[in-house]
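Using our numbering, you'd call the opening residue of the sequence shown number 5 and step up by one each time.
Glycine is no exception: its CB is placed at the ideal position from the N, C-alpha and C atoms.
The structure under discussion appears below in the form of C-alpha cells.
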Amino acid sequence: MKKYHSHRRSGLARLGITAIGAGLALTLAACSGVEDGSANAGVSEDNELLEKYDVAIPTTDLKMGLMPYGDHMSMVIAYENNWFEEAGIQVDDKRATFDLDQLQGLMINRTFDIATNYIPDQLRNAQGSPDVNFLGIVDITSGTGVLAAPDSNLKTIESELEAGASWDDAVATVMNQMVGKRFGMEDVGAHRGFIDTVMDEGGISFDDLGEFQTSKDPQLVLMARGDKLDFVLPQGGAIEAKLITEGWYPIIQQHDLIENLPAGSPEAISGVGNVGLSINEKFYEENPDAALRIAGVMFRTIDAVIEDVNSDTTDNVSLVAPVLSATTSVEITPEEVLSIYRDVGPFISFEDQADVWANEDSPLYYKTVYNLQIERAREAGVITDPDLAAEDLAGIAEEVYIEMSRLKSEYEELVKEAGDLTGEQKELAEIAAKHYENRNYLDAQRILSAALNS
C-alpha cells in the first residue's frame, strides 16, 4: 500500500505554486512540462511586498483537462474568475477536454498532470494506471437514479415512504413497476452497483425486464425522447438534469439507499461515487506545495457552487452552461447546471469533507466506500491485484486534506496574535486573510507567520 508523505514540511521552508485548470473547447492540445517555478513579481499585485519578506507566490505552468460532464466542468468557474492567476497558476491550455476512454493514456504519458475524474471509473483502471491518484473531490453522486418517462404517473420511493410504507414494501412496489418494461442505462461501474442493489432490494432482476439496453448518453437521450424507453439511468448529470426538465422523474436514487439502509452497509454505498481531480503521482512528488494550492482553488470553486445552490441563484454556475452545452452537444441552461450541482451530484464543502477523509465512522469515509467496491470488482474478476486498496485510488487526497486542515488550524491560532500589527506587517496579515478566505491555507499560514516573525 502506497504512502504519501513528501510534502509534510514545516514553517517558512514551504514554497510552491499552482491551482486548477479549466477547459473550454472540444480540442485537445499537448502542453509543456511543469515544475515548481521561481517567484514572479507579475503573478500578483501583492508579490512585491511578499518578495521583500521571502514569501512570494511562485508561478507554475499546469497541464490540465476536463471531461465533458457537469460536475467536471465546474472548474470553469475558477478559470473565468482568474482564480488560477491569483494563486500563481498558468494553465497551459484552457481549452483541453477529453473523453473517458482517453483519460488513462493522457495521465500516464503526462499530456495532463491533473484531470477531472470519477473514482469508480479510476477503480476499474487502477491496475493499468499505478501512477494516477486523486488530489481531491468536489461532490458525491447521490442523485444517481432511475428516471421514469413523463406522464407515466408511477409511484416513487419518496411518495411511498411519505404514505407510510416500510422501506421493504416501498422499494418492492417501486421496482416492480419496471417488470416487463423497457430500460436503458450507461453501464458504468458505480451505476451497475446501484442498479444491482435497487433491483435486489426490490426483488426483481434484469430477466424481469421487457427490454434492457446499454448505450452511451447521447443514444439514451435519443431513445428516451423517441418513446423507446420507459426507464433510463444516464451517466452524465447534465443529461439527467436535462431529461428531468423534459418531464422524466426519479423513482429511486442513490441517496434513498444511503438514507434508508443501515449506515455503512454494503448495499447503501455500493453505488456511491465522487467526481474530482486526479493527479499524476510524479507531479505530486515533484510539486507538493503546488498540490495544496490546486486543492485550495478546487475548494474555492466548491464554495461558489454551494453559494448558488443555497441562494437558488446562477451567478457562478452560469459560467459553466455554455461550455457544457458545447462539449455535450446538448443545450444546457444555467438553471439545469444548478440542478446538476444541487440534485444529481451535491457539492461537498471543505468542512463537510471531513466525513470523507477523516471521520472513519462516517458511511461516506472513502476507505469504507471504495474498499467495498474494490472487493466487489475483485470478486467479479475486474481486479486481480490482491493488494489494491482505497489508498491507491485516493490516498493523496486524504493526505492533502489532512495537511490543509493542519495549515488552516495553524493560521487560526496565529491570527489571534495579529490584532496589533501595523505597517507592512499589517499589510501581510491582510494578504494572508485574503488567501485564507480563498481556501489557500498554505500561503495564508506562511504569509501570516512572516508578518508575526519579522
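Euclidean distance between Cα positions of residue i and residue j
i, j, result
"K56", "R410", "26 Å"
"A29", "L70", "For A29, the pLDDT reaches just 34, beneath the cut-off of 50, and the residue's location in the model is therefore unreliable, although a value from the coordinates is still provided. Roughly 10 Å separates the two Cα atoms."
"P266", "G275", "15 Å"
"D50", "L107", "37 Å"
"E205", "L237", "17 Å"
"C35", "A152", "Its pLDDT being 31, under 50, C35 is placed unreliably in this model, and the value from its coordinates should be taken loosely. If you take the alpha carbons of C35 and A152, they lie about 44 Å apart."
"A448", "F102", "34 Å"
"S413", "Y370", "23 Å"
"H195", "G349", "13 Å"
"N457", "N444", "20 Å"
"A454", "E162", "55 Å"
"R450", "P292", "15 Å"
"G240", "G92", "32 Å"
"F354", "E402", "12 Å"
"V373", "D356", "16 Å"
"D212", "G168", "27 Å"
"G197", "S209", "13 Å"
"E285", "A294", "13 Å"
"A394", "N375", "5 Å"
"A45", "I141", "Here the model assigns A45 a pLDDT of 34, short of 50, so the residue's position is not dependable, and the following value carries that caveat. One C-alpha to the other measures close to 31 Å."
"N442", "V301", "7 Å"
"P222", "Y405", "36 Å"
"V341", "D424", "45 Å"
"D319", "D396", "37 Å"
"E421", "L452", "10 Å"
"S333", "S322", "17 Å"
"I298", "I283", "10 Å"
"E417", "K438", "16 Å"
"L446", "M408", "7 Å"
"A362", "L368", "10 Å"
"E250", "Y73", "19 Å"
"I435", "I61", "12 Å"
"D347", "R186", "25 Å"
Supposed close pair residue i, residue j - CB separation, criterion 8 Å
i, j, result
"S78", "V324", "6 Å"
"N113", "F138", "Rounded, the Cβ-Cβ distance is 19 Å, inconsistent with contact."
"F288", "I400", "Per the sequence shown, residue 288 should be read as Tyr rather than Phe. Yes, Y288 and I400 are in contact; Cβ-Cβ is about 6 Å, under 8 Å."
"A242", "I344", "6 Å"
"F235", "M182", "6 Å"
"G149", "I262", "Contact flag wrong, Cβ pair sits at about 12 Å."
"D125", "D75", "With a Cβ gap of about 13 Å, D125 and D75 do not count as contacting."
"L233", "G188", "5 Å"
"V80", "V327", "5 Å"
Those residues which DSSP pairs with residue i across a bridge
i, result
"N137", "I283"
"E215", "R186"
"A119", "G69 and S282"
"I81", "Answer is none; I81 lacks a bridge partner."
"V95", "L66"
"F303", "Its beta-bridge partners do not exist; DSSP assigns none."
"T101", "L70"
"F210", "Paired residue(s): none; F210 is not in a bridge."
"D143", "F351"
Near the ligand NAP: residue i beta-carbon under 6 Å from a heavy atom
i, result
"E205", "Inclusion of the ligand NAP in the displayed structure is not the case, the ligand content being empty and no account of it being possible."
Alpha helix (DSSP H) segment containing residue i, residue limits
i, result
"A454", "Y445 to L456"
"F235", "Per DSSP, F235 belongs to no alpha helix (DSSP H); it is in the beta strand (DSSP E), F235 to L237."
"N291", "From DSSP, N291 is part of no alpha helix (DSSP H); its letter is neither H nor E."
"P338", "P338 to S343"
"V404", "E395 to L418"
"Y440", "G427 to E441"
"W368", "The residue asked about is misnamed: residue 368 is Leu in this sequence, not Trp. From DSSP, L368 is part of no alpha helix (DSSP H); its letter is neither H nor E."
"E89", "W87 to E90"
"V334", "From DSSP, V334 is part of no alpha helix (DSSP H); its letter is neither H nor E."
"D221", "D221 to R229"
"T249", "G241 to T249"
"K56", "N51 to K56"
"I387", "That residue, I387, is in no alpha helix (DSSP H); it is neither H nor E in DSSP."
"P270", "P270 to I273"
"A161", "The question names Ala, but residue 161 in the sequence shown is Ile. First-last of the alpha helix (DSSP H) with I161: I161 to E166."
"Q181", "Per DSSP, Q181 belongs to no alpha helix (DSSP H) and is neither H nor E."
"D359", "A358 to W361"
Run of the beta strand (DSSP E) containing residue i, from where it starts to where it stops
i, result
"L254", "Here the sequence assigns Pro to residue 254, which means Leu is not the residue at that position. That run of the beta strand (DSSP E) goes Y253 to Q257."
"G149", "G149 to A152"
- Item | Any 3 or more C-beta pairs closer than 8 Å across the region 306-317 and the region 222-231 | no
- Three or more beta-carbon pairs under 8 Å between the region 122-136 and the region 202-217, yes or no? A contact is defined here as three or more CB-CB pairs under 8 Å, and the region 122-136 fails this definition with respect to the region 202-217.
- Message: When you compare the region 419-430 with the region 365-384, are there three or more beta-carbon pairs, one atom per stretch, that lie closer than 8 Å?
- Response: No: the two stretches stay apart, fewer than three of their Cβ pairs being nearer than 8 Å.
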